[in-house]
């Protein structure tokens, strides 16, 4: 009676239902034969392993690309990357023909073209069968969009003015720099309030809103938010730390180096 019947389910380390029979068989030497053939869903996922192609630089600091690395770690699905891509590539006639404003990243699946990392993330995740990353209902989906828009339209523009001027990428403009320091602090303080009693942004599980926000926060936590600042927004700090140390994220973020001293522009006399 070593093999008693046949059980039809996915063979996966996280299939807790199948693990019941594995434990039973270990104890009693009897259990159903498993199905080594892939199911419809796993077959579909395997075919989707490289879903489209994303055009952007492949570097350890590319937080926008990190969104797709995390997604692929969690689901096995993500776009093919372009290691040969450089910032100069985005200025070429070939790239501008596909993406006229020259924005990075760009994404192509068959004849479909898309730009903006959040839009691409939503599109790719939407093609993963039965994914919990998009929310359980319309209300959760709306909240996911809310947090993604908040990160992209409010937090990131303010952060990049500070980071670009602080790193000398853009000319230093004191009134502008100080204004956006205040703007970013206001947004991060608001986010801190939103996260007061939350592990995840939406509901009780990870969604693409978390993937998007955590990756967007990478440069902010690396260049702007010093130890004192982190204490002031302790909920954001807790949230970010827990996320980057969790499965799917830790493989991307590694041993993350937090900001020790807030980046400041070099003032020429």
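In this note's numbering, the protein residues as written are 2 to 270. For each residue, glycine too, the CB sits at the ideal point set by N, CA and C. Here the structure is a predicted model, which is why all the values come from computation and not from measurement.
Own chain, CB closer than 7 Å to residue i, minus 5 neighbours either side, in chain order
i, result
"residue 218", "241"
"residue 214", "148, 152, 202"
"residue 133", "206"
"residue 73", "79"
"residue 257", "245"
"residue 189", "234, 237"
"residue 265", "167"
"residue 252", "74"
Between the CA atoms of residue j and residue i - distance to the nearest angstrom
i, j, result
"residue 121", "residue 129", "13 Å"
"residue 192", "residue 237", "7 Å"
"residue 71", "residue 141", "21 Å"
"residue 112", "residue 23", "45 Å"
"residue 247", "residue 85", "30 Å"
"residue 175", "residue 53", "43 Å"
"residue 108", "residue 79", "11 Å"
"residue 77", "residue 186", "36 Å"
"residue 135", "residue 75", "13 Å"
"residue 263", "residue 143", "34 Å"
"residue 165", "residue 26", "60 Å"
"residue 100", "residue 110", "14 Å"
"residue 243", "residue 199", "12 Å"
"residue 179", "residue 21", "59 Å"
"residue 172", "residue 97", "26 Å"
"residue 125", "residue 114", "12 Å"
"residue 154", "residue 102", "18 Å"
"residue 139", "residue 232", "35 Å"
Closest by C-alpha distance to residue i, when choosing among the options
i, options, result
"residue 223", "26, 61, 52", "61"
"residue 1", "82, 112, 119", "As displayed, the chain neither begins before 2 nor continues past 270, which places residue 1 out of reach and without an answer."
"residue 259", "110, 104, 228", "228"
"residue 156", "235, 126, 250, 181", "181"
"residue 116", "89, 190, 57", "57"
"residue 235", "251, 244, 264, 194", "194"
"residue 255", "245, 28, 230, 100", "245"
"residue 104", "190, 249, 91", "91"
"residue 225", "102, 114, 183, 99", "183"
"residue 81", "221, 162, 163, 106", "106"
"residue 160", "69, 252, 220", "220"
"residue 127", "178, 208, 252", "208"
Residue burial classification, residue i (beta-carbon count within 10 angstroms, cutoff 16)
i, result
"residue 67", "buried"
"residue 59", "exposed"
"residue 34", "exposed"
"residue 48", "Confidence at residue 48 is low in this model, with a pLDDT of 44, below 50, so its placement is unreliable and no value can be given for it."
"residue 150", "exposed"
"residue 250", "buried"
"residue 88", "exposed"
"residue 145", "buried"
"residue 6", "exposed"
"residue 212", "buried"
"residue 123", "buried"
"residue 163", "buried"
"residue 28", "exposed"
"residue 196", "buried"
Nearest-angstrom beta carbon gap, residue j and residue i [assumed within contact, 8 Å]
i, j, result
"residue 267", "residue 169", "6 Å"
"residue 137", "residue 32", "About 33 Å; that fails the 8 Å criterion."
Cβ neighbours of residue i in the same chain (closer than 6 Å, five flanking residues each side left out)
i, result
"residue 83", "56"
"residue 230", "none"
"residue 216", "64, 67, 68"
"residue 158", "none"
"residue 51", "81"
Cβ-based neighbour list, residue i, same chain, cut-off 8 Å, excluding 5 preceding and 5 following
i, result
"residue 239", "196"
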